[in-house]
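Presented below is the structure to which this report refers.
Chains as they are written, first to last, in the numbering used here: chain A, -6 to 124; chain B, 1065 to 1200.
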């Protein structure tokens, strides 16, 4: 039985605010500049969300129609900016076992959205409905 | 026109390897010791992926009428710095993909709390091998 994981808008806002506040604290820390430059670029990035066309996700599943899950990986592009990669997967026994389901060549490959969506809101004021 | 964002498995592996290398750098002994316990927890977790049921994604769009044509994924954090993600439907302008507007469904966004670690190190990461539990 697939577990449901809905959360309310308020709860979602809290989780995203918590991330933003943590990031603000990192940037304000006197220790931030002591981190390696690439690490600074990664954890200091304001790119906190990624948008994918629904059609592209459906196309991924059309290649492996019996897959029941979508797995999203954190990744970095060549310029070391944040991005994400998606791949269909099988979620087995309530997420205890996950198996990636990559389409066979020539249709192989995950799906990546290279343009991330920055936010202009801060940790205290963030609201999903205003983005 | 919407652009196509498909990449090969090999390219995907390279992108994920790059992230894992940064994560390895971050979790080197002492790199984050001056930061708060939440920050240390967030980056020390080694979470690299998050899993959502397809039918929960479908359900997210079910009651939405109109222009929602995309999914937006946010970084989030549970209490004590445990990493998570939040997903919400949105509209993305196919002619200007930087124009994105969230369309939050009445029953809220969805979230899949248990993120997945990988036992594969950056240099050996391959998507087809990264099953969970991972054998490394």
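Each residue gets a CB set at the ideal place from its N, CA and C atoms; glycine is no exception.
Check                                                                                                                                                                                              : Outcome
Mind listing the chain A neighbours of residue 1089 of chain B? Cutoff is C-beta to C-beta under 8 angstroms, in chain order.                                                                      : 29, 31, 32
If you draw a straight line from the C-alpha of residue 130 of chain A to the C-alpha of residue 92 of chain A, how long is it?                                                                    : Shown here, chain A extends from -6 to 124; a query on residue 130 of chain A therefore has no answer.
With contact counted as at least three CB pairs below 8 angstroms, one residue from each stretch, are the segment 61 to 74 of chain A and the segment 1107 to 1124 of chain B in contact?          : yes
Should residue 75 of chain A be labelled buried (16 or more other beta-carbon atoms within 10 Å of its own) or exposed?                                                                            : buried
Label residue 1185 of chain B either buried or exposed according to how many other C-beta atoms from any shown protein chain fall within 10 Å of its C-beta, with 16 as the threshold for buried.  : exposed
Can you find a CB in chain A that lies within less than 9 angstroms of the CB of residue 1145 of chain B?                                                                                          : yes
For residue 49 of chain A, does the count of other Cβ atoms within 10 angstroms reach 16, so buried, or fall short, so exposed?                                                                    : buried
So, with DSSP's three-state summary, where would you put residue 50 of chain A?                                                                                                                    : helix
Could you please give me the residues that DSSP links to residue 67 of chain A through a beta bridge?                                                                                              : A/77
Is the Cβ of residue 4 of chain A closer than 9 angstroms to any Cβ of chain B?                                                                                                                    : yes
Measure the C-alpha to C-alpha separation of residue 1194 of chain B and residue 90 of chain A and round it to an integer number of angstroms.                                                     : 11 angstroms
Using DSSP's beta-bridge definition, name the partner residues of residue 83 of chain A.                                                                                                           : A/92
Give the C-beta separation of residue 45 of chain A and residue 81 of chain A to the nearest angstrom, bearing in mind that I take them to be a contact with Cβ-Cβ under 8 angstroms.              : No, residue 45 of chain A and residue 81 of chain A are not in contact; Cβ-Cβ is about 13 angstroms, not under 8 angstroms.
State the CB to CB distance for the pair residue 79 of chain A and residue 61 of chain A, rounded to an integer number of angstroms; the pair is presumed to be in contact (CB under 8 angstroms). : Not a contact, Cβ separation roughly 14 angstroms.
With a cut-off of 9 angstroms, does the C-beta of residue 69 of chain A fall near any C-beta of chain B?                                                                                           : yes
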